[in-house]
Ligand SMILES: C[S@@+](CC[C@H](N)C(=O)[O-])C[C@H]1O[C@@H](n2cnc3c(N)ncnc32)[C@H](O)[C@@H]1O
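In our numbering, the protein residues as written are 5 to 221.
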């Protein structure tokens with residue numbers, strides 16, 4: 005699928021995505037607490053596929069700079085509005101229109117190397133996962149952290165996968181990489197990371213939260 009079409013899907017559903025309540029608020033809060041605990045006040049962080057910015061708004065106050073990218077202009081419009089009206093709008097947060105694939109290849113921002121890169125619910129959506137992971141590693145300082153949550157569709161129940169297939173056929177679901185958890189771990193390791201943590205927040209075992217480290221001092 006062409007980039008414009010892929011981003012167009014998210015533009016179309018951005019309003020609905022923003023209005024959808026968080027399914028498991030306790031699990032989301034626990035994940036945020038874990039991620040915040042790994043970040044330092046001096047860190048410069050990149051978030052890929054930030055969507056409507058909720059996570060960026062919550063985590064930016066824990067670090068020095070938070071750059072949140074997404075390739076959907078409509079997702080970013082909502083994210084900027086949300087950040088501007090947040091009770092304590094983080095001043096160190098910027099939203100940038102950029103594709104994860106080209107983000108490190110002379111993209112519209114020059115922030116690398118970062119102390120941490122976050123990718124929540126997005127790695128299953130990128131076209132070239134090995135290439136994206138390699139660019140992420142190259143965009144991190146040695147010792148820098150990749151903090152992720154990724155849907156592993158290949159391990160979901162058959163009826164759920166069938167439902168997603170039908171929804172995809174009628175344009176209500178995006179194309180996804182149907183990964184197993186083992187394949188996801190392997191791709192992360194193949195890109196040169198060491199996995200330092202894997203956990204599930206909440207009850208769905210197929211959306212693992214994985215923290216990986218670029219080896220180095
Ligand atoms: C499922 S949403 C997740 C949003 C947010 N991270 C969250 O956890 O709620 C996926 C987001 O990734 C963005 N996205 C998908 N592929 C992308 C790519 N190649 N480059 C940049 N953003 C991408 C979509 O526009 C969408 O906002």
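In this text, a Cβ means the ideal position worked out from N, Cα and C, and glycines have one as well.
Under the three-state reduction of DSSP output, residue 16 falls in the helix class. The secondary-structure analysis by DSSP pairs residue 74 across a beta bridge with 101. Residue nearest to residue 22 within the set 64, 84 and 69 is 84 (criterion: CA-CA distance).
A distance below 8 Å separates the beta carbons of residue 197 and residue 150. Exclusion of the five residues before and after residue 99 leaves 72, 80, 83 and 84 as the residues of its chain whose Cβ lies within less than 6 Å of its Cβ. Boundaries around residue 200 are those of the beta strand (DSSP E), 198-203, since no alpha helix (DSSP H) includes it. Residue 163 and residue 135 have their C-alpha atoms roughly 31 Å apart. In the three-state DSSP reduction, residue 28 falls in the coil class, being neither helix nor strand.
One thing to note: residue 45 has its Cβ within 8 Å of the Cβ of residue 68.
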